[in-house]
Amino acid sequence: MTRRFSWFNATSLTLGFTFLYLPMLILIIYSFNESRLVTVWAGFSTKWYGELLHNEAFLDAAWVTVKVAFWSSTLATILGTMAAYVIVRSGRFVGRTLFSGMIYAPLVMPEVITGLSLLLLFIAIGLDRGILTIVLAHTTFAMCYVSVVVSSRLASFDRSLEEAALDLGCTPFDAFKSVTLPIIAPAVISGWLLAFTLSLDDLVIASFTSGPSSTTLPIKIFSAVRLGVSPEINALSTIMISIVTVGVILASLVSKRAIKRQKADEQKALQT
Amino acid sequence: MNYRRLFLIWVPYIWLLALFLIPFGIVLKIALSDIALAIPPYTPKLDLSAGWESITSYFSQLDLENFIFLTEDDLYWRAYLSSLKIAVYSTIATLIVGYPIAYGMAKASPEWRPTLMMLVILPFWTSFLIRVYSWMGILSQEGYLNQFLLWTGVVSEPLVILNTNLAVYIGIVYTYLPFMVLPIYAALGKLDESLLEAAEDLGCSKSSAFWLVTIPLSKSGIIAGSFLVFIPALGEFVIPSLLGGSKTLMIGKVLWEEFFSNRDWPVASAVAVVLLLILVIPIILFQRNEQKQREQDG
Numbered sequence: 001m002t003r004r005f006s007w008f009n010a011t012s013l014t015l016g017f018t019f020l021y022l023p024m025l026i027l028i029i030y031s032f033n034e035s036r037l038v039t040v041w042a043g044f045s046t047k048w049y050g051e052l053l054h055n056e057a058f059l060d061a062a063w064v065t066v067k068v069a070f071w072s073s074t075l076a077t078i079l080g081t082m083a084a085y086v087i088v089r090s091g092r093f094v095g096r097t098l099f100s101g102m103i104y105a106p107l108v109m110p111e112v113i114t115g116l117s118l119l120l121l122f123i124a125i126g127l128d129r130g131i132l133t134i135v136l137a138h139t140t141f142a143m144c145y146v147s148v149v150v151s152s153r154l155a156s157f158d159r160s161l162e163e164a165a166l167d168l169g170c171t172p173f174d175a176f177k178s179v180t181l182p183i184i185a186p187a188v189i190s191g192w193l194l195a196f197t198l199s200l201d202d203l204v205i206a207s208f209t210s211g212p213s214s215t216t217l218p219i220k221i222f223s224a225v226r227l228g229v230s231p232e233i234n235a236l237s238t239i240m241i242s243i244v245t246v247g248v249i250l251a252s253l254v255s256k257r258a259i260k261r262q263k264a265d266e267q268k269a270l271q272t
Numbered sequence: 001m002n003y004r005r006l007f008l009i010w011v012p013y014i015w016l017l018a019l020f021l022i023p024f025g026i027v028l029k030i031a032l033s034d035i036a037l038a039i040p041p042y043t044p045k046l047d048l049s050a051g052w053e054s055i056t057s058y059f060s061q062l063d064l065e066n067f068i069f070l071t072e073d074d075l076y077w078r079a080y081l082s083s084l085k086i087a088v089y090s091t092i093a094t095l096i097v098g099y100p101i102a103y104g105m106a107k108a109s110p111e112w113r114p115t116l117m118m119l120v121i122l123p124f125w126t127s128f129l130i131r132v133y134s135w136m137g138i139l140s141q142e143g144y145l146n147q148f149l150l151w152t153g154v155v156s157e158p159l160v161i162l163n164t165n166l167a168v169y170i171g172i173v174y175t176y177l178p179f180m181v182l183p184i185y186a187a188l189g190k191l192d193e194s195l196l197e198a199a200e201d202l203g204c205s206k207s208s209a210f211w212l213v214t215i216p217l218s219k220s221g222i223i224a225g226s227f228l229v230f231i232p233a234l235g236e237f238v239i240p241s242l243l244g245g246s247k248t249l250m251i252g253k254v255l256w257e258e259f260f261s262n263r264d265w266p267v268a269s270a271v272a273v274v275l276l277l278i279l280v281i282p283i284i285l286f287q288r289n290e291q292k293q294r295e296q297d298g
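Laid out in structure tokens, this is it:
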């Protein structure tokens, strides 16, 4: 569909992307505003960033959030990759329909329901709410995202490569490690990144499953912004937006290079 | 070999059973319980050590009281209906805003497409909370939009947008736009250009070719995108509580307040069960659509 790139299309793209990016752009610009009155521009200043660095409560919450995100995304990647393997490779087994249902359902489940049900579980088994319970909760919904990402990669990959490795005397674990894993690695990595950002971002499930000593950054931000717009939150948002932007761009460059190298390798293999 | 296979299946399986399915059982059970001044605040509690009698008396104490309560208090009816209304309208609005973007992307030159794609995905990776928050500064009484409108002289008094349903619509369209654009873009990308040429050769005008060929052929993308917006919008909590007003009634917010403010766990659980029942139909329809799509593709 390359024909007729008209003014209409150019306009709709421009308007669409303006709509998507203008609010965040305004937020970033006003995070450098001198005034506490967020809607009145009073000159350039980085003082809100300085205040943020001295706000212990935010720093503590940020640390909790990163810890939770790291552990839950790592666990979710392991479990999600296993689940993807089961769905794509394991054929029939008892309870398969239930299994795939449980993989896809959390993707569309309203967060309030997931959060409430997990909280009631933790209380029923007498598990104190804290970092551990948030990690368990985040792992559960993030593993489903990971398994969707990984299973699409697994489904498209040539199984005979794995079989060849087995025929040549690899143990199944070796075959997985030296054949399958390198091929699905980009999907596993993007699954981990997805799980990490989902956990970093989650407010609702964390609110249900966190305890008083384990406030995460989104919970902190939410209770602050309920009172209205504030320059510290603008500064914090700007930092978070920049980290994500740099991360996404880096990840896409890395995967582009990986695809290029893979293609070059295939070319070489064909020539020899 | 077999042990490994069992291990592979059962580790994620047991995890999901324990942390996804069983919790729903507990929600259902508490929805059938009564509120009590205790920790945890509901009764009866199951005590397996007290033998068979306690189990039977436990089950006899469960009842549908909370569900009857939901039908009697019209707050809940109105909340469900207004959530449905808000979700439907905002899905339509997202479609209207998203379709031209997806269309423009599909028509853009191939070397531009990865960049455009990235530009649509990037906001999705950015914090949801921050994206909703960014509209608070724009829509408030003395916000940037009102400043702009007053400056240009379009309005003489600031508009009240924040804390109304309109702000909720804007928030949903804004945050869920990528979910609508990407499936439609994927469907449009597969569209065979020669079909449009054929339609025009056969005497269709450009606009009727669009309505008769392009729209029907991108139907699967439209359906997928609509479900991806509608389903999460229905149970949305963050957007109505930050952008909506006290009059904005959405079921996610009601559940939250029932749980955290009123501490009525049984009613909150009953609200959750009913919300889930409402969502079952769209979720099944969505899965069907996806499956049909996969069969067509492969």
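Same order as they appear, the protein sequences are chains Z and E.
Residue numbers for the first sequence follow the numbering used here, beginning at 1 and rising by one.
Residue numbers for the second sequence follow the numbering used here, beginning at 1 and rising by one.
C-beta: ideal position from N, C-alpha, C; glycine also.
From a predicted model like this one, the values you see are computed outputs, not experimental measurements.
Helix, strand or coil at residue i according to DSSP, with G and I counted as helix
| i | result |
| --- | --- |
| E/D34 | strand |
| E/T43 | strand |
| E/F124 | helix |
| E/F210 | helix |
| Z/F141 | helix |
| E/I68 | helix |
| Z/T238 | helix |
| Z/S6 | coil |
| E/M117 | helix |
| E/I223 | helix |
| E/F286 | helix |
| Z/T133 | helix |
| Z/M1 | Because Z/M1 sits at a pLDDT of 42, beneath the cut-off of 50, its placement in the model cannot be relied upon, and the following sentence gives the value as read from the coordinates. The answer is coil: DSSP assigns Z/M1 none of H, G, I, E or B. |
| E/V280 | helix |
| E/R5 | helix |
| Z/G58 | Note that residue 58 of chain Z is Phe in the sequence shown, not Gly. Helix at Z/F58. |
| E/R294 | helix |
| E/L243 | coil |
| E/Q141 | coil |
| E/D74 | helix |
Residue-chain proximity (residue i, chain E), Cβ-Cβ < 7 Å
| i | result |
| --- | --- |
| Z/F70 | no |
| Z/G16 | yes |
| Z/L218 | The sequence shown places Pro at residue 218 of chain Z, rather than the Leu named in the question. Yes, Z/P218 lies at the interface with chain E (some Cβ there is under 7 Å from its Cβ). |
| Z/P212 | no |
| Z/S117 | yes |
| Z/L25 | no |
| Z/S156 | no |
| Z/V244 | yes |
| Z/N9 | yes |
| Z/S12 | yes |
| Z/A84 | no |
| Z/A76 | no |
| Z/I113 | yes |
| Z/A61 | no |
| Z/V38 | yes |
Reference residue i; option with closest CA among the options
| i | options | result |
| --- | --- | --- |
| E/L188 | E/A233, E/P158, E/Y99 and E/T126 | E/Y99 |
| Z/F17 | E/A18, E/L16 and E/L116 | E/L116 |
| E/N2 | Z/L27, Z/F93 and Z/W63 | Z/F93 |
| Z/S230 | E/K85, E/I130 and E/I14 | E/I130 |
| Z/A124 | E/T152, E/P41 and E/M118 | E/P41 |
| Z/G126 | Z/T209, Z/E56 and Z/T140 | Z/T209 |
| E/P266 | E/L17, E/I30 and E/P23 | E/I30 |
| E/L275 | E/S82, E/I14, E/L6 and E/P12 | E/S82 |
Contact with chain Z by residue i, beta-carbon distance below 7 Å
| i | result |
| --- | --- |
| E/Y144 | yes |
| E/F148 | no |
| E/I155 | Here residue 155 of chain E is Val; the residue named in the question, Ile, does not match the sequence. Closer than 7 Å: no. |
| E/T126 | yes |
| E/S226 | no |
| E/V11 | yes |
| E/P41 | no |
| E/K107 | yes |
For residue i, the residue or residues it bridges with in DSSP
| i | result |
| --- | --- |
| Z/F44 | Z/N33 |
CB contact check: residue i to chain C, cutoff 7 Å
| i | result |
| --- | --- |
| Z/P110 | Among the protein chains of the structure shown, namely Z and E, there is no chain C. |
Chain-ordered residues of the stretch 207-224 of chain E with a beta carbon less than 7 Å from chain Z: none
Residues from the stretch 18-31 of chain E in contact with chain Z, defined by Cβ distance under 7 Å: L19, F20, L21, I22, P23, F24, I26, V27 and I30
Interface positions of the stretch 283-297 of chain E facing chain Z (Cβ-Cβ less than 8 Å), listed along the chain: I283, F286 and Q287
Near-chain E residues of the stretch 130-153 of chain Z (beta-carbon distance less than 9 Å), N- to C-terminal order: L136, A137, T139, T140, F141, M143, C144 and S147
Residues in the stretch 189-208 of chain Z having any Cβ partner in chain E nearer than 9 Å: L193, L194, T197, L200, D201, D202, L203, V204, S207 and F208
Interface residues of the stretch 264-275 of chain E facing chain Z [CB-CB below 8 Å]: W265, A268, S269, A272 and L275
Short-range partners of chain Z found in the stretch 60-93 of chain E, where Cβ spacing is below 7 Å: none
Contact residues within the stretch 236-256 of chain E, judged by C-beta distance below 9 Å to chain Z: E236, F237, V238, S241, L242, I251, G252, K253, L255 and W256
Contact list for the stretch 168-182 of chain E against chain Z, Cβ threshold 9 Å: V173, Y174, L177, P178 and V181
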